[in-house]
Each structure stands twice: as structure tokens, then as C-alpha cells.
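**Q**
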Amino acid sequence: MYGIALDLGTSGFRAQLIDLEAKEVLKTAITMRHPLPGGNVMDHLDFAIQVGTDLAHEIMMDTIARIFEELDVDTSLVRRLAVCGNPIQLSLFQNIEIRDLAYAGENKQRKLGVENVSRDARVFPASELFEGIADLPNCTVIVPPAIKHEIGADALAMMIKTDFMDKDIPSMVTDYGTNAEMAIKVGDKIITGSAAAGPAIEGQGISCGMLASPGAISDVNPEGDCWRVTVLDGLMNERKGHLIDPKTGVITEPSEIVAKGVTGTGVIAALSLAIESGIITKIPEIPGGKLILGDKIEINEKDIEEAGKAIGAIRAAQLTLMLAAGVEYKDLEFMYMAGATGAYVNADKARKLGSCPNFAHNIVQFGNTSVALARDLVMDESKLDEVIEVAKKIKADHLMMATSTEFSNIYVCELSYWTQGMPLDMYNQMLEMYNLPSLPETYENPGIEKRVAKDIDEVGKEGLKIVSDLGIIIEEKAQECILCHKCEEECPEDAITIIERDGEIFANYNSERCLGTSCRRCVSVCPVDAIHYKTISIKE
Numbered sequence: 001m002y003g004i005a006l007d008l009g010t011s012g013f014r015a016q017l018i019d020l021e022a023k024e025v026l027k028t029a030i031t032m033r034h035p036l037p038g039g040n041v042m043d044h045l046d047f048a049i050q051v052g053t054d055l056a057h058e059i060m061m062d063t064i065a066r067i068f069e070e071l072d073v074d075t076s077l078v079r080r081l082a083v084c085g086n087p088i089q090l091s092l093f094q095n096i097e098i099r100d101l102a103y104a105g106e107n108k109q110r111k112l113g114v115e116n117v118s119r120d121a122r123v124f125p126a127s128e129l130f131e132g133i134a135d136l137p138n139c140t141v142i143v144p145p146a147i148k149h150e151i152g153a154d155a156l157a158m159m160i161k162t163d164f165m166d167k168d169i170p171s172m173v174t175d176y177g178t179n180a181e182m183a184i185k186v187g188d189k190i191i192t193g194s195a196a197a198g199p200a201i202e203g204q205g206i207s208c209g210m211l212a213s214p215g216a217i218s219d220v221n222p223e224g225d226c227w228r229v230t231v232l233d234g235l236m237n238e239r240k241g242h243l244i245d246p247k248t249g250v251i252t253e254p255s256e257i258v259a260k261g262v263t264g265t266g267v268i269a270a271l272s273l274a275i276e277s278g279i280i281t282k283i284p285e286i287p288g289g290k291l292i293l294g295d296k297i298e299i300n301e302k303d304i305e306e307a308g309k310a311i312g313a314i315r316a317a318q319l320t321l322m323l324a325a326g327v328e329y330k331d332l333e334f335m336y337m338a339g340a341t342g343a344y345v346n347a348d349k350a351r352k353l354g355s356c357p358n359f360a361h362n363i364v365q366f367g368n369t370s371v372a373l374a375r376d377l378v379m380d381e382s383k384l385d386e387v388i389e390v391a392k393k394i395k396a397d398h399l400m401m402a403t404s405t406e407f408s409n410i411y412v413c414e415l416s417y418w419t420q421g422m423p424l425d426m427y428n429q430m431l432e433m434y435n436l437p438s439l440p441e442t443y444e445n446p447g448i449e450k451r452v453a454k455d456i457d458e459v460g461k462e463g464l465k466i467v468s469d470l471g472i473i474i475e476e477k478a479q480e481c482i483l484c485h486k487c488e489e490e491c492p493e494d495a496i497t498i499i500e501r502d503g504e505i506f507a508n509y510n511s512e513r514c515l516g517t518s519c520r521r522c523v524s525v526c527p528v529d530a531i532h533y534k535t536i537s538i539k540e
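Residue numbering for the sequence shown follows full-length UniProt numbering, beginning at 1 and increasing consecutively.
(1) So T75 and L136 are supposed to be a Cβ contact under 8 Å. How far apart are they, rounded?
(2) In this structure, does DSSP put N107 in helix, strand or coil?
(3) Shortest alpha-carbon distance to G234 belongs to which of L243, L399, S213?
(4) Can you give me the C-alpha to C-alpha distance between K461 and L17, rounded to a whole angstrom?
(5) Give a yes or no on whether the C-beta atoms belonging to P87 and M60 are separated by under 9 Å.
(6) Just the C-alpha distance for V523 and C487, rounded to the nearest angstrom, thanks.
(7) With DSSP as the reference, please indicate the residues paired to V143 in a beta bridge.
(8) From the DSSP output, which residues share a beta bridge with A216?
(9) Would you mind working out which of N138, A200, I474, R239 sits nearest I268, comparing C-alpha positions?
(10) Report the residue ranges of all beta strand (DSSP E) runs contained in full by the segment 246-305; include only those spanning at least 3 residues, in chain order.
(11) Looking only at its chain, what residues have a beta carbon closer than 7 Å to the beta carbon of residue 546, apart from the 5 residues adjacent to it on each side?
(12) Have a look at the DSSP bridge pairing and note the partners of N510.
(13) Reducing DSSP to helix, strand and coil, say where V114 ends up.
(14) What does the alpha-carbon distance come out to for the pair residue 541 and E58?
(15) Under the three-state reduction of DSSP, which class applies to T192: helix, strand or coil?
(16) Alpha carbon to alpha carbon, how far is A372 from I160?
(17) Using 8 Å as the Cβ pair cut-off and three pairs as the minimum, do the segment 220-228 and the segment 270-280 touch?
(18) Beta carbon of A153, beta carbon of T140: below 9 Å?
(19) Below 8 Å, can you find three or more Cβ-Cβ pairs linking the segment 314-325 to the segment 393-406?
(20) Kindly indicate the opening and closing residues of the beta strand (DSSP E) around C226.
(21) Run through DSSP, which three-state label would M426 get?
(22) Which same chain residues end up closer than 8 Å to K330 when comparing Cβ atoms and leaving out the 5 residues on each side of it in sequence?
(23) Taking T320 as the reference, which of V123, S438, C519 has the closest Cα?
(24) Pick out whichever of K465, Y336, V114 has its Cα sitting closest to the Cα of P170.
(25) Measure the alpha-carbon distance for G187 versus R351 and round it to whole angstroms.
(26) Taking C-beta to C-beta, are T535 and E480 nearer than 9 Å?
(27) Compute the distance between the beta-carbons of L77 and V83, then report whether it is under 9 Å.
(28) Just checking, does the segment 12-29 make contact with the segment 96-104 on the three C-beta pairs under 8 Å criterion?
(29) Considering Y336, what are the terminal residues of the alpha helix (DSSP H) in which it resides?
(30) So for A478, helix, strand or coil by DSSP?
(31) What residue does the alpha helix (DSSP H) around M61 start on, and which one ends it?
(32) Tell me where the alpha helix (DSSP H) around I410 begins and ends.
(33) Going along the chain, which unbroken runs of the alpha helix (DSSP H) with 4 or more residues stay wholly within the segment 363-394?
(34) With distances taken from CA atoms, which of E131, F68, I147 is nearest G85?
(35) To the nearest angstrom, how far is the alpha carbon of C356 from that of L232?
(36) Using alpha carbons as the reference points, say which of I142, G198, L20 lies closest to L515.
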């Protein structure tokens, strides 16, 4: 008998096939991107609202079916499927109401008739969702509860699978990703929040970026005047890569393992080293315009701006949580880092840039807590009762960053620092103008503990499988199209193709490449208003 643990992450899906009798992971399969158009969870939500939740659900289910194929298991032998993710991902997976997540105002929700939507734990037959998609006749689906509006199973996982819940002293946890969930605990009080950091923190949105996967540069360290890169191997272990001069690109010591790109932690490491070594003296300017990490692997000034926006959003949200909790910066005892970035990032370099609080006395690094919780639920269904009890005990106050004046003011300073090179003394002057405390003093020599060696602590004896091209095409009719192909030229991700079929013209979009409704550059550039990105269906 088998079970499947599934993490519906904002930047990609991760699944593990589990032998229920031996209680062990057999293999792991991941996607390189999320199948829905867009670069973050709000893009996915907006896409579903604009073009229809049925279509969004269908795209996600087709992707999950592809993952099942990669796991190569007789699905009739799968007994349990446990699924973790944020409320938006889990709602789209179950094809349930999402409009309450899109509209925060009570009056608007009342008009839509979507008040008090329940997202309690669910256990139900897989046939309710997978009929016609995958043959799971003997499988039960387990969905953990959401705590409240924006705090779902992934946030619950980061609290349960770290030591966060056991601490009485001021502690913070952050699951680093496209939408960085976080919480602060002071005594019995917990305040939660999230920062729409965007894709750069996971290596996407960077010119040569990639998710944490084989071939990704995850860290960089100095050796003399050169930099030694760290590269993830086929089992997601960190391996010593080549030695390179970041200014000239000359590789002085080649390595057997070949780097393909750089993930978000590698960008953080390179940026931290460039500032510390004096290569960069004013952010985001780079002498020569780029840092060279390998053959065709370069970080440019635009990449630094994108990374800075992500780092700035996370730091602004963390500082805002501290202020909301009434805790002085110097009193933060523990910082827990979860997710791929939490596993692979050099915590000391992250402290220097601000993505990890530089004032925390202790830093503990974890990997993917979401898939870890799903794995627990697959191996022992009774664990769901424990998860439900923990969720009930958490009297979480949720802080909406979008409506927080403190967050807005701090993030304005962060943007000025990362994109305009504003000096830190001016940053503090702006904080004083907003009646906010200055940036915290750095805590010297914190305790740093790394609990895992990689993002997913065990990929299984059959290893890691990657679904690199989902091949899901969504299309709409474009009868008025004049075949000028300006939309194809304008698309920043080469996601759109105009085709003729059976005497009709269609706009085809690669769903995982497309940036979704937050982009729509193809729509705006069309000279005859032939495409609208509304009436879309999956191409059979």
C-alpha cells in the first residue's frame, strides 16, 4: 500500500511516494514552476477570479496527474493522499470558494455572499476530485485545517514542524518563498502575517535564476580573490563547484558538477559577498554591470533590484510583526527559517542583507515543513487530530500587511535602499519621520543551527524526479488577429504563440511560463484588440 504527500507551493509542487507498510519515502517528484500563470499567490488568485475557478482547478489537477505519472505507481494501490499549502492553493485544489480570499472588506464579502467560509480539516474520497483525471479508487484525501483567513496548512506546518510552538520567549518563524508566511510568538500570544515577496527569493524572476533543484548554485564563498560556488547535485545535496573570478568570469578551478543557474540563496550569498568585499559600494550598481558565477550564469543590476524587493518585503513584514507584538528588536531570542531558502541559505549572509533578522539571538534552519507535515499525515492519519487540536490552541491575530501603515512606511524605505541606493543613515531618518524605531542593531555572534542538509530532508531511495515542462497550454480564439505577432515579441517569458487551426486563429499560452493577469502585455500591445485573456480553455 502507498501514500502520497503533496505540497502545493506557490512556486511549484512537491510530492513524495510513501510505502505505508515500511513507513519510508520511496521517491520524490517536483515541478520547476507553478502550473497557473503568474509569479506569486496573488497572481494565481487573480487569474482564477478573472478566467474562472473551474479552469484554475483543472490546470492544477492536470499537473498533479502528471506528477503521479512521474511517481510511476499503480494508483489503485494508493490509500492516502495528504495535501498542504496556503488557503488559496488548497481552495483551488478542492475547487471551493476563493472570493473571500480575494476581497478583504466585510461589506464586499457580504454583497458577494461569501462571509465566514469554512476551511476546516477535511477527509474525503479521492474520487470526489480525481474522477476522470486519475484512477484512485481506494484513496482518501486528507486536507489539514486553515487557522483563519490567510493562514493555512503551510503556515501551520512551519509552526508545528519547528520548535516555535514550544517557546515561551519571543520567537519568530518564516517560511521563505514567493509568499513568505511568518509568525511571532510572545508567551501564549501569536501574531501571523505574510509578505508577497515575489519569485526572486526562490530564484525565479532572476535572469539566470532557477528553483532549488539539481544544478542550481545555492551558495558562494570567498577563496582568495575568487569565489567558490556550491551546487546542488541530483539528490539535492550541496557539492563543491568551480572556483571563479566574479569580475572576469575566469574559472581557475573547474569542477565535475556543472552549474546550470542560480537559486535565490545563491543570489543572496553573491550579493552579500559583493558588498562585504567592496565590489558593490552602492546598491544596485555593479562595476562592469554584472557578477559572473559561471558560464552564462550572471547576476545583473536588475536582478539585484528584484532580489532587493523580495528581501525588503520580508524585512519590512518581520519588523512590522515585531512592532505589532510590542517587542523590542533586541529581545528576539529565536528565529526559525523554513522552506528551500531556509534550508540552503547561509544564515549569516542573510542576516547581513536583512532577509533574516540580524537582531535574533539564535537562528535555526529547517527545510520544507509543508511536505513534512503532509508526510506525517500520510504515515499516520490519526496525526490529523493532533494538528486540529494545535490549530484550535493557536489564538492567532493576523496582521494584514496590505492595510498596515507601518509596513507601508518601512517598505518605502526598503525600496529606496534597494533600487535607489539610499544610505542607511537616511533610511533611519525616514523611519524617524514616520515615528518608527531605527533599524535594529546587529546582534554579534548569534547561535546558528542547521537542522537539515537539504530542502526536502529525504527524497527516497529511488531519488528525485523533475517535471520540468508541464506542457499545459491554455488558449483563446483570436478571430480578429492580423498575424502581426507583436504579442509574441512583447511577451517577456516567450509564453504566447499565435497559431492557425482548421481555419481559425488561436492565442496559445504556456500556463507555467505565462505571468498571468498581472502582466497582460500581450493584450495591451495588440493593435486590433484580438486577444483579451478572459475566455480561455485548456487546449486538448
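C-beta: ideal position from N, C-alpha, C; glycine also.
**A** The structure says:
(1) Your numbering for residue 75 matches position 75 in the sequence shown. Your numbering for residue 136 matches position 136 in the sequence shown. Between T75 and L136, the beta carbon gap of about 5 Å places them in contact (Cβ cut-off 8 Å).
(2) To locate residue 107, count along the sequence shown from 1; it is residue 107. Reduced to three states, the DSSP call for N107 is helix.
(3) One-based indexing of the sequence shown puts residue 234 at position 234. Considering only alpha carbons, the answer is S213.
(4) Looking up residue 461 in the sequence shown gives position 461. Looking up residue 17 in the sequence shown gives position 17. The C-alpha of K461 lies about 11 Å from the C-alpha of L17.
(5) Numbered from 1 along the sequence shown, position 87 holds the residue referred to as residue 87. Numbered from 1 along the sequence shown, position 60 holds the residue referred to as residue 60. Not a contact, by the Cβ cut-off of 9 Å.
(6) To locate residue 523, count along the sequence shown from 1; it is residue 523. To locate residue 487, count along the sequence shown from 1; it is residue 487. Using only the alpha carbons, I get a separation of about 7 Å.
(7) The sequence position of residue 143 within the sequence shown is 143, counting from 1. According to DSSP, which records beta bridges pairwise, V143 is partnered with R122.
(8) Walking along the sequence shown from the start, residue 216 turns up at place 216. For A216, which the question treats as bridged, DSSP gives the partners G261.
(9) Translated into the one-based positions of the sequence shown, residue 268 becomes position 268. The option with the nearest alpha carbon to I268 is A200.
(10) Those beta strand (DSSP E) runs which fall completely within the segment 246-305 and span 3+ residues are 251-253, 290-294, 297-300.
(11) Outside the shown range of the chain (1 to 540) lies residue 546, about which nothing can therefore be said.
(12) Here residue 510 refers to the residue found at position 510 when the sequence shown is read from its first residue. I473, per the DSSP bridge assignment.
(13) The residue you call residue 114 lines up with position 114 of the sequence shown. Three-state DSSP puts V114 in coil, outside helix and strand.
(14) As displayed, the chain neither begins before 1 nor continues past 540, which places residue 541 out of reach and without an answer.
(15) Taking the sequence shown and counting its residues from 1, one reaches residue 192 at position 192. Correct three-state label for T192: strand.
(16) Taking the sequence shown and counting its residues from 1, one reaches residue 372 at position 372. Taking the sequence shown and counting its residues from 1, one reaches residue 160 at position 160. One C-alpha to the other measures close to 10 Å.
(17) With a cut-off of 8 Å, the segment 270-280 and the segment 220-228 count as touching, because enough Cβ pairs lie within range.
(18) Position 153 of the sequence shown, counted from the start, is the residue given in the question as residue 153. Position 140 of the sequence shown, counted from the start, is the residue given in the question as residue 140. Result no, Cβ atoms of A153 and T140 do not sit closer than 9 Å.
(19) Touching, per the Cβ criterion.
(20) On the sequence shown, position 226 is the one that residue 226 refers to. Annotation for C226: the continuous beta strand (DSSP E) segment containing it runs 226-232.
(21) By one-based count along the sequence shown, residue 426 stands at place 426. In the three-state scheme derived from DSSP, where H, G and I count as helix and E and B as strand, M426 is classed as helix.
(22) By 1-based counting over the sequence shown, the position of residue 330 is 330. Once the five neighbours on either side are set aside, the close Cβ partners of K330 are F359, P440, E441, Y443.
(23) The residue labelled residue 320 in the question sits at position 320 within the sequence shown. The candidate whose alpha carbon is nearest that of T320 is S438.
(24) Indexing the sequence shown from 1 puts residue 170 at position 170. Closest option to P170, judged by alpha-carbon separation, among K465, Y336, V114: Y336.
(25) The residue given as residue 187 occupies position 187 in the sequence shown. The residue given as residue 351 occupies position 351 in the sequence shown. Each residue's Cα considered, the two are about 25 Å apart.
(26) Taking the sequence shown and counting its residues from 1, one reaches residue 535 at position 535. Taking the sequence shown and counting its residues from 1, one reaches residue 480 at position 480. The Cβ atoms of T535 and E480 do not sit closer than 9 Å to each other.
(27) The residue given as residue 77 occupies position 77 in the sequence shown. The residue given as residue 83 occupies position 83 in the sequence shown. At least 9 Å separates the beta-carbon of L77 from that of V83.
(28) Verdict: no, contact absent.
(29) Here residue 336 refers to the residue found at position 336 when the sequence shown is read from its first residue. Careful: Y336 lies outside any alpha helix (DSSP H), inside the beta strand (DSSP E) at 334-338.
(30) Here residue 478 refers to the residue found at position 478 when the sequence shown is read from its first residue. If DSSP states are grouped into helix, strand and coil, A478 belongs with coil.
(31) Working through the sequence shown from its first residue, we reach residue 61 at position 61. Here the alpha helix (DSSP H) through M61 covers 53-71.
(32) On the sequence shown, position 410 is the one that residue 410 refers to. I410: member of the alpha helix (DSSP H) spanning 405-420, first to last residue.
(33) Unbroken alpha helix (DSSP H) stretches of 4 residues or longer found wholly inside the segment 363-394: 369-379, 383-393, given in chain order.
(34) In the sequence shown, the residue the question calls residue 85 occupies position 85. Comparing Cα-Cα distances from G85 to each of E131, F68, I147, the minimum goes to I147.
(35) As a working note, residue 356 is residue 356 in the sequence shown. As a working note, residue 232 is residue 232 in the sequence shown. Rounded to whole angstroms, C356 to L232 spans 22 Å at the Cα level.
(36) By 1-based counting over the sequence shown, the position of residue 515 is 515. Residue G198 is the option with its Cα nearest to L515.
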